[in-house]
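Here UniProt numbering is used: the first residue of the sequence shown is 1, the next is one more, and so on. In this text, a Cβ means the ideal position worked out from N, Cα and C, and glycines have one as well. Since we're looking at a predicted model, the values are computed, not measured. Reading through the structure tokens given below for one structure.
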Amino acid sequence: MTERVVLAYSGGLDTSVAIGWIAEETGAEVIAVAVDVGQGGEDLDVIRKRALACGAVEAEVADAKDEFADEYCLPAIKANALYMDRYPLVSALSRPTIVKHLVAAAKKHGASTVAHGCTGKGNDQVRFEAGISSLAPDLKCIAPVRDYAMTRDKAIAFCEAKSLPIATTKKSPYSIDQNVFGRAVETGFLEDIWNAPIEDIYEYTANPAEPREADEVVISFKEGVPVAIDGRPVTVLQAIQQLNERAGAQGIGRIDMVEDRLVGIKSREVYEAPGAIALITAHQELENVTVERELARYKRQVEQRWGELVYDGLWFSPLKRALDGFINDANQHVTGDIRMTLHGGRAVVTGRKSASALYDFNLATYDTGDTFDQSLSKGFIEIFGLSSKIAARRDLSA
1 MTERVVLAYS
11 GGLDTSVAIG
21 WIAEETGAEV
31 IAVAVDVGQG
41 GEDLDVIRKR
51 ALACGAVEAE
61 VADAKDEFAD
71 EYCLPAIKAN
81 ALYMDRYPLV
91 SALSRPTIVK
101 HLVAAAKKHG
111 ASTVAHGCTG
121 KGNDQVRFEA
131 GISSLAPDLK
141 CIAPVRDYAM
151 TRDKAIAFCE
161 AKSLPIATTK
171 KSPYSIDQNV
181 FGRAVETGFL
191 EDIWNAPIED
201 IYEYTANPAE
211 PREADEVVIS
221 FKEGVPVAID
231 GRPVTVLQAI
241 QQLNERAGAQ
251 GIGRIDMVED
261 RLVGIKSREV
271 YEAPGAIALI
281 TAHQELENVT
291 VERELARYKR
301 QVEQRWGELV
311 YDGLWFSPLK
321 RALDGFINDA
331 NQHVTGDIRM
341 TLHGGRAVVT
351 GRKSASALYD
361 FNLATYDTGD
371 TFDQSLSKGF
381 IEIFGLSSKI
391 AARRDLSA
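What follows is the structure in structure tokens.
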């Protein structure tokens, strides 16, 4: 029986060439699998037909936008997930979504191997292969660019020699990855970390410096899930899409950072994630109102570790699954409304409302009606600071 390889297919030059390249290198039949996570671009059926024209024996396409939003972006919102306190895990979240479909296709078609188009120096190779091995330990993984030295020059030459139906002349100076949760741009002149980004690299966001009217939005959550925008019910996908448009029009969600890659190098990345940043900002503020102090303090530690695990490609790991349980439990009272002003590149919270709020006006006020018994504070401070006081006496007498 002929070996079969399932290829993560994007429809671009590299993965189109990879179909024939893998067939020649391994003698295997190639099944192309394209997954729509809201990256836009060409119609899925066009991509499917191109894969077949490039030599795939089967081609599958999956509209996974809602799945991606509900099962991958939503947990990140609940976790306030920002790698290195800034990056909302745009690419890291899409990879396990794609992995799930690749593994399902491999089982369906009896494939022994899964292939992807990643290089040997990025994070995505780890995310694909660690994810695949977690879901299907018996599957092998190959990466033509990494394993068979399939450089771009070789890919173009192969494409032209085989008369593959894909353009080879236009090449962006950037490496771009995008989905509904955001967009990542790297390489080109951005590799010099002294060079400032230019407006041409952005697509999801308008220039925040341009004058425009502010936009006020109310985001409603139920147990940490965004359920309405300005009082109108939305799915998670719709919430992200609507805020991509509205926050993006205000230049919100631009991130220019040097990040620590899993493979050990530092890399300059430019991101734009307007919907993600708006939703995480609102969710964080609603947690401030509804989550008890010690739980909130501990959750911030969990959030950092959760973000690192996802960034590192360990979405399907036991620790990440266990932390999901904690995060979901911590979100059980995160219900209410957050009002924000979107303007000048910032999403600024201006109002909070929740039936689950732990904020008590009568305890917080300094005016008439104050129910906080200030007479208790003196004794509380004495006991709270007692151990430090005793240690200070010892240290000063030494």
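query: Rounded Cβ spacing between Ala106 and Val114 (contact assumed at less than 8 Å); result: 6 Å
query: Whether Ala59 touches Leu44 by CB criterion (8 Å); result: no
query: Neighbour-count burial assignment, Gln178, 16 or more Cβ in a 10 Å radius; result: buried
query: The stretch 364 to 372 / the stretch 256 to 266 touching (three or more Cβ pairs under 8 Å); result: no
query: Selected residue, minimal CA-CA separation from Asp153, among Asp14, Ser388 and Thr341; result: Asp14
query: 6 Å CB neighbourhood of His116 in its chain, flanking five on each side removed; result: Ala8, Phe128 and Ala143
query: 6 Å CB neighbourhood of Ser10 in its chain, flanking five on each side removed; result: none
query: Coarse secondary structure for Asp367, derived from DSSP in three states; result: coil
query: Identity of the residue in Phe380, Arg293, Ala111 and Tyr72 nearest Ala276 by Cα; result: Tyr72
query: Where Tyr366 falls, given that 16 or more other Cβ within 10 Å makes a residue buried; result: exposed
query: Residue burial classification, Tyr87 (beta-carbon count within 10 angstroms, cutoff 16); result: buried
query: Span of the alpha helix (DSSP H), counted from its first residue to its last, around Asn244; result: Val236 to Gly248
query: Bridge partner(s) assigned by DSSP for Lys353; result: Asp337
query: contact_flag[the stretch 377 to 396, the stretch 314 to 327] where n(CB pairs < 8 Å) is 3 or more; result: no
query: Buried or exposed (CB count within 10 angstroms, at least 16 for buried), Glu29; result: buried
query: Bridge partner(s) assigned by DSSP for Met257; result: Glu269
query: Any beta strand (DSSP E) of 3 or more consecutive residues that is wholly inside the stretch 58 to 131; result: 58 to 63 and 113 to 115
query: Residues of its chain near Gly336, where Cβ-Cβ distance is below 8 Å and the 5 sequence neighbours each way are ignored; result: Ser220, Phe221, Leu286, Val289, Thr290, Arg352, Lys353, Ser354, Ala355, Ser356 and Ala357
query: DSSP beta-bridge partners of His343; result: Arg346
query: Proximity of Val225 and Val236 at Cβ, strictly below 8 Å; result: yes
query: Presumed contact (8 Å Cβ cut-off) between Ala273 and Leu342, rounded CB distance; result: Not really, about 14 Å apart at Cβ, beyond 8 Å.
query: Rounded straight-line distance, which links the Cα of Pro211 to that of Phe181; result: 26 Å
query: Pair within 8 Å by beta-carbon distance, Ala18 and Pro165; result: no
query: Any non-hydrogen atom of the ligand ATP closer than 7 Å to Glu223 Cβ; result: The ligand ATP is not part of this structure, which contains no ligands at all.
query: Met1 to Ala51 span [Cα, whole Å]; result: 22 Å
query: CB contact flag (Gln250, Ile229, <8 Å); result: no
query: For Leu7, the first and last residue of its enclosing beta strand (DSSP E); result: Arg4 to Ala8
query: Backbone CA spacing between Leu102 and Gln238 [nearest angstrom]; result: 26 Å
query: Ser94 beta carbon less than 8 Å from that of Phe68; result: yes
query: Residue nearest to Ile176 in terms of C-alpha spacing, selected from Glu213, Arg393, Ser388 and Gly12; result: Gly12
query: CB-CB length for Gly313 against Gly120, believed under 8 Å; result: 14 Å between Cβ atoms; not a contact.
query: Best match in Val310, Val234, Ile77 and Val334 for proximity to Asn123 [C-alpha to C-alpha]; result: Val310
query: Through-space distance from Tyr204 to Leu279, alpha-carbon basis; result: 16 Å
query: Rounded separation between Asp360 and Val302 - CA only; result: 27 Å
query: Status (buried if at least 16 other CB within 10 Å, exposed otherwise) for Glu83; result: A quick correction: the sequence has Tyr, not Glu, at residue 83. It counts as buried.
query: DSSP bridge partner residues for Phe221 (one or two, in chain order); result: Pro226 and Gly336
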